[in-house]
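Novice:
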Amino acid sequence: MGAYLSAPTWWRNLDGRYRLVLGECEECGAANFPAEGACAACNATDGFTEFEPEGTGEVVTRTVITGGAPPEFGDLIDREGPIGTVIVELDEGVRVPGMLTDCDPETVERGDRVRAVVRRIYEQEGVVRYGFKFRPGE
Ligand SMILES: [Zn+2]
């Protein structure tokens, strides 16, 4: 089994991930996510050049959340059913967390190919937040 990402951890880390952006290390060229701090490959802190990846990758772990979510997501669960959350290893070699869309999350398995697409995430105080989600298939 891969690393288990608890729901609270997942929610807490969601902000700032509305765009799928990786950072290319200016020292060694490795892709990093998020594009901040030290490079995971070489530990350099020279900075990153941000870029948007292809958005395709493979599911590493999948968790389905049916409750215990903050209110803005609770509404989403009421409306659309359980939320599938995944860690995806992008083809750039970086692991990124995200939500599943356009599928029954229970049918998504480790190793499935997914693609990042832009979707409505939630609505809070009349403001709709958009971000990327992962859809099965290329
Ligand atoms: Zn590096």
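Using my numbering, the letters of the sequence shown map in sequence onto residues 965 to 1102. Each residue gets a CB set at the ideal place from its N, CA and C atoms; glycine is no exception.
1. Which parts of the segment 1017 to 1044 are runs of the beta strand (DSSP E), unbroken and 3 residues or longer, counting only runs that do not cross its ends?
2. For the 8 Å Cβ check, are there 3 or more pairs between the segment 1067 to 1081 and the segment 1021 to 1030?
3. Quickly, what does DSSP pair Asn1007 with across the bridge? List them, please.
4. Mark Cys1003 as exposed unless 16 or more other C-beta atoms lie within 10 angstroms of its C-beta, in which case mark it buried.
5. Whose C-beta lies closer than 8 Å to the C-beta of Gly1057 among residues of the same chain, with five residues either side of it excluded?
6. In the DSSP assignment, find the beta strand (DSSP E) that holds Cys1067 and state where it starts and stops.
7. In three-state terms, what does DSSP make of Gly1095?
8. How many Å lie between Thr1065 and Gly1021 at the Cα?
9. Phe1015: buried (16+ other C-beta within 10 angstroms of its C-beta) or exposed?
10. Could you tell me the boundaries of the beta strand (DSSP E) in which Val1078 lies?
11. At the level of alpha carbons, what is the spacing between Cys992 and Ile1047?
12. Taking only three categories from DSSP, how would you classify Glu1073?
Specialist: Reading from the atomic positions:
1. 1020 to 1029
2. yes
3. Paired residue(s): none; Asn1007 is not in a bridge.
4. buried
5. Ala994 and Ala995
6. Neither: Cys1067 is in no beta strand (DSSP E) and is coded neither H nor E.
7. strand
8. 15 Å
9. exposed
10. Arg1077 to Gln1088
11. 37 Å
12. coil
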